[in-house]
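Participant: Quick one: the structure is below, and I'll ask about it shortly.
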């Protein structure tokens, strides 16, 4: 009697544990597959052994094709090397890590992902692998690029307006000195002084033009540090 009772209690306990485990695994898969982020689980060597549906749809490949090192096949060579170095540098210390990864999808599009890795622990000290989450930042970066370009051209418009006034003043000085030189053509020394003023104004105008071309990205022969306050003055 007592032996049978213990056997039944053990069997019931085992059944409840297995049911709870299956329920937990099922819940995890539902949550992982419905998550909008890309999820990849790897072993301690970086080989993929689980991919959520979001990742598989993103890559356009099956779980079998992505298994092992397959999930890294589309990664840019430089980024793949950076990822592997980051992975192995934190593996011994069982620490999380983060890196950028350009990866090509099955349709040929290259996307930029922000990949974050969190360690999968088996007990307090055994590293089973990593859970990787990926965020597609491609569209965000494109939007940021468009905004930067819009701000750049807005600044260019303001700068061009300010330079137009400066050029107008320089040209006024040039034309005024030309008129004075014509009036004093019979006095070479005085004419020379006006010619020097014309040359100085022309050099100043050329310098401003060069700065404007450098800023706009056209005709840039070299890059150097400048004092913007001095240029404005």
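In my numbering, the protein residues as written are 4 to 236.
Every residue, glycine too, gets a C-beta built ideally from N, C-alpha and C.
If you're wondering where the values come from, they're calculated on a predicted model, not measured in any experiment.
Determine whether the beta carbon atoms of residue 82 and residue 62 lie at a separation below 8 Å.
Facilitator: As a position in the chain shown, residue 82 is number 79, starting the count at 1. As a position in the chain shown, residue 62 is number 59, starting the count at 1. Not in contact: residue 82 and residue 62 (Cβ atoms no closer than 8 Å).
Participant: So what does DSSP say about residue 165, is it helix, strand or coil?
Facilitator: Within the chain shown, the letter at position 162 stands for residue 165. If DSSP states are grouped into helix, strand and coil, residue 165 belongs with the helices.
Participant: DSSP state of residue 4, grouped into three classes?
Facilitator: Walking along the chain shown from the start, residue 4 turns up at place 1. Residue 4 falls in the coil class under three-state DSSP.
Participant: Kindly indicate which three-state DSSP category residue 132 falls into: helix, strand or coil?
Facilitator: On the chain shown, position 129 is the one that residue 132 refers to. Residue 132 falls in the strand class under three-state DSSP.
Participant: Please state the DSSP three-state secondary structure of residue 229.
Facilitator: Within the chain shown, residue 229 is the residue found at index 226, counting from 1. In this structure, residue 229 counts as coil in the three-state DSSP scheme.
Participant: Assuming the contact rule is C-beta atoms closer than 8 Å, residue 58 and residue 42 should be a hit. Round their C-beta distance to whole Å, please.
Facilitator: Position 55 of the chain shown, counted from the start, is the residue given in the question as residue 58. Position 39 of the chain shown, counted from the start, is the residue given in the question as residue 42. About 6 Å separates the two Cβ atoms, so the contact holds.
Participant: Does the beta-carbon of residue 141 have 16 or more other beta-carbons within 10 angstroms, so that it is buried, or is it exposed?
Facilitator: By one-based count along the chain shown, residue 141 stands at place 138. Residue 141 comes out exposed.
Participant: Between residue 176 and residue 204, which are expected to be in contact by the criterion C-beta below 8 Å, what is the C-beta distance as a whole number of angstroms?
Facilitator: Within the chain shown, numbered from 1, the residue matching residue 176 stands at position 173. Within the chain shown, numbered from 1, the residue matching residue 204 stands at position 201. About 5 Å separates the two Cβ atoms, so the contact holds.
Participant: Please look up how many angstroms separate the CB atoms of residue 145 and residue 132, rounded, as I've assumed it's under 8 Å.
Facilitator: Taking the chain shown and counting its residues from 1, the one referred to as residue 145 is at position 142. Taking the chain shown and counting its residues from 1, the one referred to as residue 132 is at position 129. The Cβ separation is near 33 Å, so there is no contact.
Participant: Between which residues of its own chain and residue 93 is the CB-CB distance below 6 Å, once the five residues before and five after are set aside?
Facilitator: Position 90 of the chain shown holds residue 93. If we look at residue 93 and ignore the five residues flanking it on each side, its Cβ neighbours are 100.
Participant: What ranges does the alpha helix (DSSP H) occupy inside the stretch 133-208, keeping only unbroken runs of at least 4 residues that lie completely in it?
Facilitator: 141-186
Participant: Apply the 10 Å Cβ neighbour rule to residue 78 and answer buried if 16 or more other Cβ atoms are within range, or exposed otherwise.
Facilitator: As a working note, residue 78 is residue 75 in the chain shown. Label assigned to residue 78: buried.
Participant: Please go through the same chain and pick out, in chain order, the residues whose beta-carbon is closer than 7 Å to the beta-carbon of residue 200, but skip the five residues on each side of it.
Facilitator: Stepping through the chain shown from its first residue, residue 200 is reached at position 197. Excluding positions up to five away in sequence, the list reads 176, 180.
Participant: Could you check where the alpha helix (DSSP H) with residue 56 kicks off and where it finishes?
Facilitator: By 1-based counting over the chain shown, the position of residue 56 is 53. 56-62 is the extent of the alpha helix (DSSP H) around residue 56.
Participant: Do you know how far the Cα of residue 12 is from the Cα of residue 6?
Facilitator: Counted from its first residue, the chain shown places residue 6 at position 3. Counted from its first residue, the chain shown places residue 12 at position 9. Here the C-alpha atom of residue 6 lies approximately 10 Å from the C-alpha atom of residue 12.
Participant: Distance, Cα to Cα, residue 18 vs residue 25?
Facilitator: Taking the first residue of the chain shown as 1, we reach residue 18 at position 15. Taking the first residue of the chain shown as 1, we reach residue 25 at position 22. Approximately 11 Å, taken between the alpha carbons.
Participant: Between the C-alpha atoms of residue 108 and residue 73, what's the straight-line distance to the nearest angstrom?
Facilitator: Counted from its first residue, the chain shown places residue 108 at position 105. Counted from its first residue, the chain shown places residue 73 at position 70. C-alpha separation (whole angstroms): 12 Å.
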